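Undergrad: Protein chains in written order, with numbering that gives the first Met the number 0: chain H, 0 to 126; chain W, 0 to 126; chain E, 0 to 126; chain L, 0 to 126; chain P, 0 to 126; chain Z, 0 to 126.
Think of the CB as a built atom: it goes at the ideal place given N, C-alpha and C, for glycine as much as any other residue.
Just so it is clear, the structure is predicted and the values come from calculations on it, not from any experiment.
Just passing along the structure, written as structure tokens.
Number of protein chains: 6
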Amino acid sequence: MFSVTVREHMMIAHSLRGEVFGPAQRLHGATFVVDATLRRAELDADGIVIDIGRATAALRAVVAELDYRNLDDEPALTGINTTAEALARVVADRLAGALGDDARQLDGMVVTLRESHVAWASYERPL
Amino acid sequence: MFSVTVREHMMIAHSLRGEVFGPAQRLHGATFVVDATLRRAELDADGIVIDIGRATAALRAVVAELDYRNLDDEPALTGINTTAEALARVVADRLAGALGDDARQLDGMVVTLRESHVAWASYERPL
Amino acid sequence: MFSVTVREHMMIAHSLRGEVFGPAQRLHGATFVVDATLRRAELDADGIVIDIGRATAALRAVVAELDYRNLDDEPALTGINTTAEALARVVADRLAGALGDDARQLDGMVVTLRESHVAWASYERPL
Amino acid sequence: MFSVTVREHMMIAHSLRGEVFGPAQRLHGATFVVDATLRRAELDADGIVIDIGRATAALRAVVAELDYRNLDDEPALTGINTTAEALARVVADRLAGALGDDARQLDGMVVTLRESHVAWASYERPL
Amino acid sequence: MFSVTVREHMMIAHSLRGEVFGPAQRLHGATFVVDATLRRAELDADGIVIDIGRATAALRAVVAELDYRNLDDEPALTGINTTAEALARVVADRLAGALGDDARQLDGMVVTLRESHVAWASYERPL
Amino acid sequence: MFSVTVREHMMIAHSLRGEVFGPAQRLHGATFVVDATLRRAELDADGIVIDIGRATAALRAVVAELDYRNLDDEPALTGINTTAEALARVVADRLAGALGDDARQLDGMVVTLRESHVAWASYERPL
């Protein structure tokens with residue numbers, strides 16, 4: 000099994016709902032460094048999983064829709080508690096869409112959101 | 000599949016038994032940067048795998064029992080060659096206990112001990 | 000010249016005032032990984048610049064006053080454009096105060112705020 | 000499941016064949032930071048997956064055959080588009096050979112080639 | 000004193016002239032992760048050293064002229080042994096030009112080229 | 000001003016004397032990732048501060064004398080509280096000696112010992 004990973008980031012405001020979150024229930028923010036890993040059983044005729052430039056552009060496009068925003072005000076995220084875990088799934092699902100036909104050649108994806116040097120969350124899904 | 004990872008560290012002395020270890024048979028030491036990854040198939044009602052604060056506190060409690068110690072003198076480690084691999088299992092098993100009921104919702108765990116910028120070891124187990 | 004550096008982090012919301020900031024004029028957020036470097040010409044009688052535990056606790060106390068907050072609503076920051084550069088100075092000046100008498104033995108300080116894997120800002124001052 | 004990872008690097012020139020690569024069709028180069036992860040279900044009698052020194056030496060030997068070279072001129076790579084993905088497989092397969100009998104105790108291997116702070120590729124295989 | 004640092008990278012082929020370089024006299028290559036630090040005694044009216052987006056764009060433009068190239072064939076580098084140190088100066092001097100009037104407000108610059116996880120070179124100059 | 004930095008590491012046991020150290024008064028250990036930065040006003044005829052291979056070999060030789068040891072038992076360190084700060088000076092002074100005539104061309108040196116992902120110490124001296 001092969002994989003390629005590309006990295007982007009986004010800087011968002013949000014608040015989390017639920018007593019478990021303590022002070023993170025207040026409006027605060029995060030830089031999420033976003034790693035998208037794309038998996039494929041065999042390489043294509045060019046010897047790649049996917050072009051790194053293509054993967055980076057698709058991830059950048061997905062991240063740009065969230066970047067520099069207050070996620071509490073995003074209509075598309077209404078009803079979602081925007082934890083790192085939940086956002087990892089949002090990014091992964093949107094990235095699968097953004098890759099379009101290219102996603103058909105892939106076998107799976109992992110999206111990791113690093114919120115600091117000491118904590119991160121991932122979501123893994125098939126393609 | 001979702002996961003959350005939290006990072007702590009510990010600074011220990013130890014020696015390793017066996018000719019394969021060469022100079023590491025002498026009493027020396029290590030900083031182990033410890034990453035604990037907790038996996039869960041679906042998020043809970045709060046939209047998380049586990050609260051990052053809760054996971055960090057549990058990992059800190061486990062690591063504190065080894066931190067600033069000479070592992071050669073730890074009664075609980077008698078008979079264990081305290082390699083990074085073996086310590087990864089010790090930390091993982093103790094962390095499973097420290098998480099208590101919270102561990103019941105989780106599907107698995109990976110503990111990684113980084114001993115330098117060029118070497119690390121992991122242990123993965125179900126929960 | 001000797002120095003010791005300790006690392007903490009904070010997760011804040013804010014917006015920046017000024018056309019130069021483009022989309023960062025919107026309410027968004029950041030994780031700032033905060034490195035505080037303390038300098039001293041000669042070591043003390045214990046052979047240290049400052050106790051790492053003491054320095055970390057002081058930095059944690061300073062960072063805690065900003066962590067998990069919307070800086071646009073902080074009375075103490077009224078009139079300050081909370082760029083990474085400006086916040087580095089806020090943290091440095093507050094840290095000098097938090098160190099109290101310990102700061103008198105030190106010769107200088109650098110505070111670095113890392114906002115992502117590709118951008119960071121620093122402020123350096125004498126003590 | 001246990002694993003040990005060791006890190007080396009190599010600095011190579013190459014060009015990539017195929018329109019998808021755009022400017023990377025020109026002769027250029029890369030530093031590949033190479034992480035080799037070796038997996039094993041149970042530890043051996045010494046409490047290890049494999050000796051870290053032994054694993055590092057084997058990886059160093061494999062990497063040395065590619066280091067400081069123009070891969071376009073390497074007879075052994077004729078017909079291979081030397082993408083990070085393809086080179087990860089070359090390194091993994093050669094490392095399996097270099098480990099010799101030691102590889103028989105192992106269950107699998109992942110080789111990751113990091114080409115920058117924002118892109119990397121992996122190849123995973125059984126042993 | 001304040002500073003802002005932005006990071007880019009470039010992937011180049013080159014060879015080094017001189018017996019001291021041993022195998023690096025052969026045509027090989029490198030990924031250089033490039034950090035440009037811009038210093039300024041006081042912040043401007045917006046509270047910044049320089050806009051991070053502006054600094055990143057200027058650094059990207061400078062790096063793009065070297066990226067995906069064989070530096071042995073670059074007319075502008077004829078007569079320069081393209082070591083990491085020498086390239087750090089090339090990037091710094093070109094960046095000073097690319098910043099144009101913005102450079103007039105700055106007091107100094109450091110450019111660091113990281114060639115691997117274990118070696119890097121810097122050049123510092125006034126502005 | 001130019002500089003080159005090379006990285007090595009060492010894994011040592013030690014204890015610290017003084018109440019300020021709390022639990023670090025017990026025998027424990029550390030991995031110190033050691034960065035040696037060598038500075039020079041102008042490059043030599045080869046276009047370098049110092050050959051990276053030469054600098055790495057000299058740093059390796061210095062570090063090897065401390066690696067895999069209990070520093071409490073090292074005759075050469077009798078009377079030294081082996082804090083990260085104090086060890087940074089030991090490494091720097093020994094490295095100056097190990098570089099021999101090469102050090103005469105250099106203007107200064109910084110040695111940084113990273114004891115974890117959240118704490119490090121440096122010593123800077125002229126040459």
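Anything in the region 82 to 110 of chain L with a Cβ closer than 7 Å to a Cβ of chain P? List those residues in chain order, please.
TA: From the region 82 to 110 of chain L, no residue has a Cβ closer than 7 Å to chain P.
Undergrad: Could you confirm whether any beta carbon from chain P is found closer than 8 Å to the beta carbon of Glu41(L)?
TA: Answer no: the Cβ-Cβ gap between Glu41(L) and chain P never drops below 8 Å.
Undergrad: Tell me which residue opens and which closes the alpha helix (DSSP H) that Gly52(L) is part of.
TA: Start and end: Ile51 to Ala63.
Undergrad: What did DSSP end up calling Val3(P) once you bin it into helix, strand or coil?
TA: If DSSP states are grouped into helix, strand and coil, Val3(P) belongs with the strands.
Undergrad: Between which two residues does the beta strand (DSSP E) containing Val48(Z) stretch?
TA: No beta strand (DSSP E) contains Val48(Z), which DSSP labels as neither H nor E.
Undergrad: Could you spell out the range, first to last residue, of the alpha helix (DSSP H) harbouring Val90(L)?
TA: Taken as a continuous stretch (DSSP letters only), the alpha helix (DSSP H) holding Val90(L) covers Ala83 to Leu98.
Undergrad: Is the distance from the Cβ of Ala118(H) to the Cβ of Ile79(W) below 8 Å?
TA: No; because the gap between Cβ atoms is not below 8 Å, this pair is not in contact.
Undergrad: Bridge partners for Glu69(E) per DSSP, in chain order?
TA: A small fix is needed here, since residue 69(E) is Asn in this sequence, not Glu. Asn69(E) pairs with Ala12(E).
Undergrad: Counting only C-beta atoms, is Asp66(P) closer than 8 Å to chain E at any point?
TA: No, Asp66(P) lies away from the interface with chain E (no Cβ there is under 8 Å from its Cβ).
Undergrad: For Leu70(L), which residues from the same chain have a beta carbon less than 6 Å from its beta carbon, with the 5 sequence-adjacent residues on both sides left out?
TA: Once the five neighbours on either side are set aside, the close Cβ partners of Leu70(L) are Ile11, His13, Leu76 and Thr81.
Undergrad: Specify the secondary structure class of Ala120(W) as computed by DSSP and reduced to three states.
TA: Strand at Ala120(W).
Undergrad: Go ahead and pull the three-state DSSP assignment for Leu105(W).
TA: Coil.
Undergrad: Of all Cβ atoms in chain W, is any one closer than 8 Å to the Cβ of Met10(L)?
TA: No, no contact with chain W.
Undergrad: For Val62(P) and His8(P), what's the separation of their Cα atoms in angstroms?
TA: Cα-Cα distance, rounded: 7 Å.
Undergrad: For Val178(Z), which residues of its own chain have a beta-carbon under 6 Å away from its beta-carbon, when the five flanking residues on both sides are left out?
TA: What the structure shows of chain Z is the stretch from 0 to 126, and residue 178(Z) is not part of that stretch, so it cannot be assessed.
Undergrad: Residues of chain L with a CB under 7 Å from the CB of Leu26(P): which are they?
TA: Result: Ala12 and Asn69.
Undergrad: Which same chain residues end up closer than 6 Å to Thr111(H) when comparing Cβ atoms and leaving out the 5 residues on each side of it in sequence?
TA: Within the same chain, Thr111(H) has close Cβ partners Asp34, Trp119 and Ser121.
Undergrad: Should Asp45(W) and Val19(H) be called a contact, given that it needs their Cβ atoms to be closer than 8 Å?
TA: Yes, the Cβ-Cβ distance between Asp45(W) and Val19(H) is below 8 Å.
Undergrad: Would you list the residues sitting across from Ala29(H) in a DSSP beta bridge?
TA: DSSP output for Ala29(H) lists Ile11(H) as bridge partner(s).
Undergrad: Can you give me the Cβ contacts of Ala95(E) inside the same chain, cut-off strictly under 7 Å, excluding the 5 residues immediately before and after it?
TA: Here the set comprises Ala102, Met108 and Leu126.
Undergrad: Is Leu42(L) helix, strand or coil when you go by DSSP?
TA: Correct three-state label for Leu42(L): coil.
Undergrad: I'd like to know if Val48(L) contacts chain P, where contact means its C-beta is closer than 8 Å to some C-beta of that chain.
TA: Judged by the 8 Å Cβ criterion, Val48(L) is not in contact with chain P.
Undergrad: Run through DSSP, which three-state label would Leu126(P) get?
TA: Coil at Leu126(P), not helix or strand.
Undergrad: What's the gap between the Cα of Leu26(E) and the Cα of Leu65(H)?
TA: The alpha-carbon atoms of Leu26(E) and Leu65(H) are separated by roughly 12 Å.
Undergrad: Using a Cβ-Cβ distance under 8 Å, would Ile51(L) count as near chain W?
TA: Closer than 8 Å: yes.
Undergrad: Note down the Cα distance separating Arg88(W) from Arg6(W), rounded to an integer number of angstroms.
TA: For Arg88(W) and Arg6(W), the distance between alpha carbons rounds to 16 Å.
Undergrad: Return no unless some Cβ of chain P is closer than 8 Å to the Cβ of Gly78(E).
TA: Output row for Gly78(E): interface = no.
Undergrad: Along chain H, which residues have their Cβ under 8 Å away from the Cβ of Val19(E)?
TA: What Val19(E) touches in chain H: nothing, since even the nearest Cβ is about 14 Å away.
Undergrad: What separation, rounded to the nearest whole angstrom, lies between the Cα atoms of Leu42(H) and Ala85(L)?
TA: One C-alpha to the other measures close to 8 Å.
Undergrad: Give the straight-line distance between the Cα atoms of Glu73(Z) and Gly28(W), rounded to the nearest whole angstrom.
TA: Distance between the alpha carbons of Glu73(Z) and Gly28(W): 14 Å.
Undergrad: Do Leu105(W) and Arg59(W) count as a contact pair if the criterion is CB distance below 8 Å?
TA: Cβ atoms of Arg59(W) and Leu105(W): not closer than 8 Å.
Undergrad: Among Ser115(Z), Ser2(Z), Met0(Z) and Leu98(Z), whose alpha-carbon lies nearest the alpha-carbon of Arg53(Z)?
TA: Nearest option by C-alpha distance: Leu98(Z).
Undergrad: Mind checking if Ala29(L) is an interface residue toward chain P, Cβ cutoff 8 Å exclusive?
TA: True, the Cβ-Cβ gap to chain P drops below 8 Å.
Undergrad: Since Glu23(W) meets chain Z, which of its residues come closer than 9 Å, beta carbon to beta carbon?
TA: Checking the sequence shown, residue 23(W) turns out to be Ala, not Glu. Those within 9 Å of Ala23(W) in chain Z are Met10 and Tyr67.
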